[in-house]
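Comments concern the structure below.
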Amino acid sequence: MKFEELNIAQSLKDGIDSFNYQELTPIQEKTLPIILKNKDLLACSQTGSGKTAAFLIPIMDKILYSERDGIKALVIAPTREICIQIEEQIAGLGYFAGISSLAVYGGSNQENFTKQRNALENKTDIIVATPGRFLAHLKLGYVNLNKLLSLVLDEADEMLDMGFYADIMSIISYLPKKRQNLLFSATMPNSIKKLADEILVNPEFIDLNFSLPAEEIEQKVFMVFEKDKAKLLNTVLNNFKNNKILIFAGTKLSVSRISSYLRTCKIKHSSINSNFTQEERIETVQNFKSGNFNILVTTNLLSRGIDIEDVNLIINYDIPEKAEDYVHRIGRTARAGKLGMAISFINENEISNFNRIEKLLKREIAKSKLPEGFSSAPEYKVIVQPRKRRWKTNRKTIKLDKRQKSK
Ligand code: AMP
């Protein structure tokens, strides 16, 4: 389906046009009509599926047909980076419609707090916020949410993992009872089902089997001893010159080791980790986005939600312990139907981590032969794990309860 066929405001269509979106992505096809009908929604949504626009477009359309007399929509997301990115999409999509928005997140200076306060007091249409900082503003008493139409919880599983449950519930206590609730989550553990039960009213449920990576991502794997990983990285980077590459490391220490190795090899790159200040992170991501450098080394910090166009290659220098993180990491490439590749380096101690990933993906990934110059490699095998319950609960598809099914 094409955007031009949608029954939404022309000024929004102009905004969509400026992003050059033509066809709706599958999640947009499914969710847009539901949200436009003002229904509550629980969506299990794959990273890179176009879900941000899927909820922003109908919310903005609703705002355009309402009185602009206060904060109309609140989007809560786990990290500053995701907030900034969502807010950038609002700014672009809502440009011709004159929709105002602000990202509200912590860790900034007093000047920013005051700017946030002013916007919160001044009928900004859409607020995109991290839970902690938004609650801090709410507690100070100047935020009026009486006119709110829609609440979005984005990356809800991540927010619960980060311990934001109490903050979210506390924020909800400030909202009008009659409102639309939209809950997006990459996974559907029981905690999310419980949250959905508490917040959503007769929700529609959409599951696009989202734990699996997009088919457009070509996945390649090398078995390699830890001592040879740096050399392998050099070889791979030489084969992918001029590509936009994200290298994921397991720890901050690993990021700095990779970075100093690349410096020794005179390979232009930048790195980012949780020690960086807010400003440094934003600036680095911005410079990567705009192509000032083509290789960015990072931890899982950038594995979720962050949208960087045209990343062609993901390198998993270290294999993540949580299988879901692998899916999130490689979801940084092949965005919105483009092609991309993910190359993973498995050392002698990471075999069981990769076993878990293959189990999650429900398939084996062929182990490629190391390039010339590498004499030996560890052997890949399935390591029998002691029975752990967490496999049972991992990424189960949510089952609608009888009440919802009979609707
Ligand atoms: P998201 O899943 O919201 O992070 O979106 C992933 C990427 O898809 C972003 O770069 C969006 O700008 C892009 N995108 C969203 N909707 C569409 C669409 N209908 N056509 C093409 N690209 C899209």
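Under my numbering, the residue at position 71 of the sequence shown is numbered 1082, and the numbers go up by one with no gaps. Glycine included, C-beta positions come from ideal geometry on N, C-alpha and C.
beta-carbon residue i near the ligand AMP non-hydrogen atom, thresh 6 Å
| i | result |
| --- | --- |
| Lys1255 | no |
| Ala1197 | no |
| Lys1062 | yes |
| Gly1059 | yes |
| Tyr1032 | yes |
| Thr1036 | yes |
Residue i: first and last residue of the uninterrupted beta strand (DSSP E) it sits in
| i | result |
| --- | --- |
| Thr1309 | 1306-1309 |
| Gln1230 | 1228-1234 |
| Asn1201 | That residue, Asn1201, is in no beta strand (DSSP E); its alpha helix (DSSP H) goes 1201-1210. |
| Asn1327 | 1324-1327 |
| Ala1140 | 1137-1140 |
| Ser998 | Nothing in the structure corresponds to residue 998, since the chain is present only between 1012 and 1418. |
| Val1115 | 1112-1115 |
| Leu1085 | 1084-1087 |
| Asp1168 | Segment 1167-1172 is the alpha helix (DSSP H) holding Asp1168; no beta strand (DSSP E) there. |
Close beta carbons around residue i, own chain, < 6 Å, minus the five adjacent residues each side
| i | result |
| --- | --- |
| Val1139 | Val1086, Cys1094, Ile1097, Glu1098, Ala1114 |
| Pro1331 | Tyr1337 |
| Leu1149 | Tyr1185 |
| Pro1069 | Leu1043, Ile1046, Leu1047 |
| Glu1015 | none |
| Val1163 | Phe1066, Val1086, Leu1193 |
| Ser1270 | Ser1282, Val1308 |
| Leu1371 | Ala1334 |
| Leu1273 | His1280 |
Which of helix, strand or coil DSSP assigns to residue i
| i | result |
| --- | --- |
| Phe1195 | strand |
| Cys1055 | strand |
| Ala1353 | strand |
| Leu1371 | helix |
| Glu1034 | strand |
| Leu1273 | helix |
| Lys1238 | helix |
| Phe1216 | strand |
| Lys1281 | A quick correction: the sequence has Ser, not Lys, at residue 1281. Reduced to three states, the DSSP call for Ser1281 is strand. |
| Phe1124 | helix |
| Leu1256 | Checking the displayed sequence, the identity of residue 1256 turns out to be Ile instead of Leu. Correct three-state label for Ile1256: strand. |
| Lys1158 | coil |
| Lys1041 | helix |
| Lys1050 | coil |
| Lys1378 | strand |
| Lys1013 | strand |
| Ala1130 | helix |
| Phe1385 | coil |
| Val1247 | helix |
| Leu1312 | helix |
| Val1266 | helix |
Close-in-space but distant-in-sequence residues of the same chain around residue i (CB under 7 Å, 5 per side omitted)
| i | result |
| --- | --- |
| Leu1211 | Asp1051, Leu1053, Asn1192, Leu1194 |
| Glu1040 | Met1012 |
| Ala1108 | Ala1020, Ser1022, Leu1023, Gly1026, Met1071, Leu1075 |
| Ser1111 | Thr1135, Asp1136 |
| Ala1102 | Ser1112 |
| Ile1394 | Ile1362, Ser1363, Asn1366 |
| Gly1081 | Lys1134, Asn1155, Asn1157, Lys1158 |
| Ala1167 | Leu1194, Phe1195, Ser1196, Ile1203, Leu1206 |
| Asn1049 | Gln1191 |
Continuous alpha helix (DSSP H) stretch holding residue i: start and end
| i | result |
| --- | --- |
| Ser1029 | 1021-1029 |
| Phe1066 | 1062-1075 |
| Asp1336 | 1334-1341 |
| Leu1300 | One point to set straight first is that residue 1300 is Lys, not Leu, in the sequence displayed. Its alpha helix (DSSP H) spans residues 1289-1300. |
| Leu1104 | 1091-1104 |
| Ala1177 | 1176-1183 |
Beta-carbon contacts of residue i that lie in its chain and below 8 Å, excluding the five residues immediately before and after
| i | result |
| --- | --- |
| Gly1117 | Arg1091, Thr1141, Gly1143, Arg1144, Ala1147 |
| Ser1379 | Lys1231, Val1232, Phe1233 |
For residue j and residue i, believed in contact at Cβ under 8 Å, the rounded distance
| i | j | result |
| --- | --- | --- |
| Leu1381 | Leu1244 | Not confirmed; about 12 Å, so no contact. |
| Ile1283 | Leu1312 | 7 Å |
| Pro1214 | Ala1207 | 7 Å |
| Val1322 | Thr1344 | 5 Å |
| Phe1356 | Val1235 | 5 Å |
| Gln1100 | Ala1064 | 6 Å |
Any non-hydrogen atom of the ligand GTP within 6 Å of residue i CB
| i | result |
| --- | --- |
| Ala1241 | This structure lacks the ligand GTP; its bound ligands are the ligand AMP. |
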